[in-house]
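This report refers to the structure that appears directly beneath it.
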Amino acid sequence: MPGLKSIYGIASNAPYDGGRYDHEPAQRGDLPAEEDWDTHSYLRRVPTVFEAVRSEFGAELPLLHDSHHRLTPIQAAKLGKSLEPYDLFWLEDVTPAENQEALRLVRQHTTTPLAIGEIFNTVWDYQLIIREQLIDYVRSAVTHTGGITHPKKVLDSAGQYQIKSGMHGPTDISPVGLAAQMHLGLAIHNFGIQEYMKHGARTDEVFEQSFTFTDGLLHPGEQPGLGVELNLAEAAKHPYQRAYLPFNRLADGTVHDW
Ligand SMILES: [Mg+2]
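289 is the number of the first residue of the sequence shown in this note's numbering; add one for each residue after it.
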């Protein structure tokens with residue numbers, strides 16, 4: 289976004305290997321890094337980005353966008369409406385997750401599919417938004433929402449309303465978590481899509497995995513159980529380091545949701 293120096297979504301320190309980021313594109317450090325934010329600039333800019341991407345790559349390419357909980361309900365409604373011509377696969381986390389009723393207002397104004405839930409922690413967070421059909425994709429990771437059993441309950445209930453899975457899968461979901469939700473995705477009838485970012489070499493040495501990723505498809509492999517073994521000797525070589533996520537400031541210095 290023009291005018292902003294540092295913003296989530298742009299990998300600042302990873303080598304670009306010709307097509308794929310090898311890490312979560314968020315700064316992490318001993319103390320939270322400061323990033324910039326300007327909602328009005330964002331709302332003006334995003335439709336022009338999708339206009340450019342659609343005209344370059346055509347109608348078939350599935351496009352997903354994450355607003356990272358930064359908008360008010362009416363701003364989110366405006367964004368969803370302005371992105372309708374570009375036929376998004378989903379628009380993610382448009383409003384802060386604490387107030388699920390906000391999605392009623394967004395839903396009234398736009399047909400852009402909505403995904404939410406990567407920071408939900410319980411089955412109960414989904415009760416209203418599934419029953420009122422306010423979302424299209426469930427974003428919970430099994431490691432944040434009670435293990436395999438609770439997301440299974442959420443997704444079975446979501447399936448009655450044609451709501452699908454889209455479980456959270458950045459690199460801070462470990463290979464254990466990813467394998468667990470891969471198995472859950474295979475067990476349900478309303479699987480949608482699985483987010484996946486390849487882990488780095490150090491993570492792969494600690495978590496020995498049987499699952500594979502080829503041509504956009506994950507396969508669980510042939511090992512029993514989740515198919516992931518934790519190599520404790522390898523893990524011991526990497527002591528804990530503090531790693532906070534960033535925070536946002538507006539141009540006037542106000543702190544804003546990250
Ligand atoms: Mg997200």
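Ideal Cβ positions, reconstructed from N, Cα and C, are used throughout, including at glycine. Bear in mind that the values here come from a model prediction, so they are computed numbers and not experimental data.
- As a beta-bridge residue in DSSP terms, VAL426 pairs with ILE404, SER453.
- The C-alpha of GLU420 lies about 44 Å from the C-alpha of ALA523.
- Closest in C-alpha terms to GLY465, from the list LEU351, LEU443, SER428, comes SER428.
- TRP378 counts as buried, since at least 16 other C-beta atoms from the protein chains shown sit within 10 angstroms of its C-beta.
- Within the DSSP bridge table, the entry for VAL516 names GLN497 as partners.
- Here ARG537 is bridged, per DSSP, to ASP324, VAL543.
- Annotation: the continuous beta strand (DSSP E) that includes ASP354 extends over 352–354.
- For LEU371, no beta strand (DSSP E) encloses it; the enclosing alpha helix (DSSP H) starts and ends at 361–371.
- For the 8 Å CB-CB criterion, ALA475 and LEU514 do not form a contact.
- Per DSSP, the continuous beta strand (DSSP E) segment holding LEU505 begins and ends at 505–507.
- Per DSSP, reduced to three states, the secondary structure at THR399 is coil, with no helix or strand assignment.
- In this structure ALA364 is buried. Its beta-carbon is surrounded by 16 or more other beta-carbon atoms within 10 angstroms.
- Taking C-alpha positions only, VAL334 is separated from PHE499 by approximately 35 Å.
- For LYS486, the closest C-alpha among the options PHE495, ASN478, GLY480 is that of PHE495.
- GLY541 and HIS357 have their C-alpha atoms spaced approximately 19 Å apart.
- A straight-line Cα-Cα distance of about 7 Å links HIS438 and THR410.
- Cβ neighbours of SER370 within its own chain (closer than 8 Å, five residues either side excluded): LEU331, VAL334, PRO335.
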